[in-house]
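Structure record follows, encoded as structure tokens.
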Amino acid sequence: MAGMSDSVPIRFPYRNLNKELEVEMTDDPHFRIDLNSSPNSPSASSSSPSSRVPNGNANLSSPIHAGSKDFSFITLVLSCTVAAGVQFGWALQLSLLTPYIQTLGIEHAFSSFIWLCGPITGLVVQPCVGIWSDKCTSKYGRRRPFILAGALMISLAVIIIGFSADIGYLLGDTKEHCSTFKGTRTRAAFVFVIGFWMLDLANNTVQGPARALLADLSGPDQHNSSNAIFCSWMAVGNILGFSAGASGSWHRLFPFLESRACCEACANLKAAFLVAVVFLLFCTVVTVFFAKEVPLRLPADQPTSLSDSAPLLDGSTQKGFQHSKSKADASIVPNDNRNIAENGYEWVSNSKLANSNDNNAQNEVFSDGPGAVLVNLLTSLRHLPPAMHSVLIVMALSWLSWFPFFLFDTDWMGREVYHGDPKGNASEIKLYDQGVREGAFGLLLNSVVLGISSFFIQPMCQRIGSRLVWAMSNYTVFACMGVTAIISLVSVTEFSQGIEHVFGGGGAIKSAALVVFALLGFPLALQLS
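Residue numbers (UniProt numbering): 1 to 529.
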């Protein structure tokens with residue numbers, strides 16, 4: 001070991017992609033590499049620790065040569081356009097669905113329970129979809145099948161939501177015209193809830209694989225730019241979605257969407273969601289076309305359920321690198337004896353590894369059912385550094401403040417800033433709808449700030465430190481949430497005192513509310529990065 005550097009980098013091709021994983025092997029190694037040759041053989045002596053498999057195409061007993069280039073910037077940009085399509089629908093969901101469900105007769109307080117599906121499905125679906133996509137052997141790749149399936153589910157869900165009033169009407173809800181009926185439409189509400197839960201399930205199905213796809217395609221020097229690209233597409237989707245939600249003219253462009261069960265506000269939502277379907281499908285097609293994946297191929301004798309450590313070094317790469325059943329396989333195993341060859345690694349034969357591999361096979365089996373995934377996720381918390389627990393607690397408390405904002409932001413504008421009521425008289429309904437559209441405009445400003453902030457996060461972290469930037473974002477959330485309470489108190493108090501200029505929301509109060517919406521874009525950019 002004399003004369004060796006403290007660490008020697010080697011590269012392994014990341015399975016399923018034309019990428020490489022760099023592993024630092026220290027002078028106190030824990031791994032051995034078997035290339036079915038002795039240290040004195042030509043192949044052993046000619047393969048330096050820093051050599052690589054050429055494009056992933058190589059016999060594992062051959063030397064490792066230079067790797068491939070990163071994907072182009074344009075390819076990365078086009079490969080994550082689906083993020084904009086998903087966020088378009090998500091923006092409409094945030095801005096319009098809480099007000100809309102109240103028009104179906106569901107009480108204001110109960111509407112928050114419907115939103116529980118988001119955290120529940122996110123807790124279960126995203127980890128499972130992540131594991132399943134890691135092991136997917138579809139001929140279309142690992143991520144794209146889940147992205148396409150999720151996009152189709154989103155399209156179906158938003159159509160069900162948009163036409164829930166009409167479906168309820170056909171199933172036996174009241175035949176009274178929607179402009180005069182103020183009661184509960186039970187069947188329409190039931191259909192709406194089904195579509196709503198489907199939508200959250202589909203959103204969580206797409207989001208994880210979409211992020212993983214971009215991470216797969218980006219090289220080590222592209223991670224920061226890839227994250228900025230993804231956040232930018234999210235901002236574009238949010239801007240377009242909140243713009244669509246702020247517009248009250250969709251029903252004029254598509255007048256045939258109005259019916260006895262679906263008046264102006266309902267037809268507006270219905271048309272906006274149909275536009276969202278078209279936009280999402282377009283973005284999905286672009287992503288599926290430009291994100292080039294090669295199928296993951298596993299040998300017949302390898303378990304399809306692998307441990308969470310197996311996907312990194314086992315499996316195939318983009319150019320056909322895969323497990324071989326021959327004795328020329330290269331294996332990496334723990335080196336407890338720490339006997340090292342001259343180049344820092346011990347060259348061993350496969351016969352020495354056979355028993356070890358057989359004994360470890362059972363340890364590599366990993367159940368990927370939802371229950372097992374959740375148990376594995378929770379038990380892994382024990383292995384986190386102590387400081388990480390404090391970070392997770394702060395994150396949990398932060399989301400505790402974010403979700404009421406997401407659920408009731410536009411409803412808050414309609415009720416407490418504009419003093420409208422979705423179940424009131426015609427004047428109150430009009431004020432409420434105006435407030436909802438103004439709230440959607442505030443969310444549009446929020447998305448603009450989010451998109452701009454995503455490009456400044458890294459420079460700020462480099463200049464003042466990531467810890468201080470993170471603390472600033474949390475204090476910004478605290479201040480803005482406190483200001484919303486002050487705005488509500490002032491607005492409701494002045495309105496109850498009969499100050500006429502406050503009716504419909506005073507100019508100063510409306511401006512303050514929009515400023516709060518916009519400022520929250522900065523901490524949200526850090527929350528999502």
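Glycine residues also receive a C-beta, built at the ideal position from the N, C-alpha and C atoms.
Bear in mind the structure is a predicted one, so any value in this text is a computation, not a measurement.
As assigned by DSSP and simplified to three states, the class of residue i
| i | result |
| --- | --- |
| L116 | coil |
| A513 | helix |
| G424 | coil |
| E293 | coil |
| P99 | helix |
| F242 | helix |
| K270 | helix |
| A261 | coil |
| P386 | helix |
| F181 | coil |
| H251 | helix |
| residue 536 | The shown model of the chain, from 1 to 529, leaves out residue 536, and the question about it has no answer. |
| Q87 | helix |
| Y169 | helix |
| T379 | helix |
| E176 | coil |
| R142 | coil |
| G507 | helix |
| F406 | helix |
| Y475 | helix |
| S107 | According to the sequence displayed, residue 107 carries Glu and not Ser. E107: coil per DSSP, three-state reduction. |
| N357 | With a pLDDT of 48 at N357, under the threshold of 50, the predicted position of this residue should be treated as unreliable, and no value is reported. |
Residue j beta carbon less than 8 Å from that of residue i
| i | j | result |
| --- | --- | --- |
| G204 | S447 | The identity of residue 204 in the sequence shown is Asn, whereas the question assumes Gly. Cβ distance not < 8 Å, so N204 and S447 don't count as in contact. |
| A272 | W250 | yes |
| V436 | T484 | no |
| F196 | I147 | no |
| A525 | S466 | no |
| P255 | V129 | no |
| D166 | S232 | no |
| G89 | I154 | yes |
| L431 | G420 | yes |
| F192 | S218 | no |
| P523 | T476 | yes |
| K182 | K423 | yes |
| G451 | A267 | no |
| R142 | E293 | yes |
| S390 | M481 | no |
| L78 | V278 | no |
| Q102 | S112 | no |
| P127 | L377 | yes |
| N474 | S398 | yes |
Residues of its chain near residue i, where Cβ-Cβ distance is below 6 Å and the 5 sequence neighbours each way are ignored
| i | result |
| --- | --- |
| L214 | C80, S226, F230 |
| L171 | R187 |
| C178 | A261, C263 |
| A157 | G195, M198, L199, A202 |
| R185 | L104, G105, G168, D173 |
| T121 | D200, L201, N204 |
| A91 | N238, G241, F242 |
| Y140 | none |
| A212 | R143 |
| E438 | M413 |
| I486 | none |
Chain-order list of residues whose beta-carbon lies under 7 Å from that of residue i (same chain, five-residue window excluded)
| i | result |
| --- | --- |
| V275 | A244 |
| T284 | V82, G85, I147, L148, A151 |
| residue 530 | The chain is shown only over 1 to 529; residue 530 falls outside these bounds and no answer can be derived. |
| P145 | C136, S138 |
| V492 | E416 |
Cut-off 8 Å between Cβ atoms - residues of its own chain near residue i, not counting five sequence neighbours on either side
| i | result |
| --- | --- |
| F190 | G168 |
| A518 | G442, L445, N446, V448, V449 |
| V469 | I457, M460, C461, L526 |
Whole-number beta carbon distance between residue j and residue i, since they are thought to touch under 8 Å
| i | j | result |
| --- | --- | --- |
| I509 | V490 | 7 Å |
| F282 | T75 | 18 Å between Cβ atoms; not a contact. |
| M413 | A513 | 6 Å |
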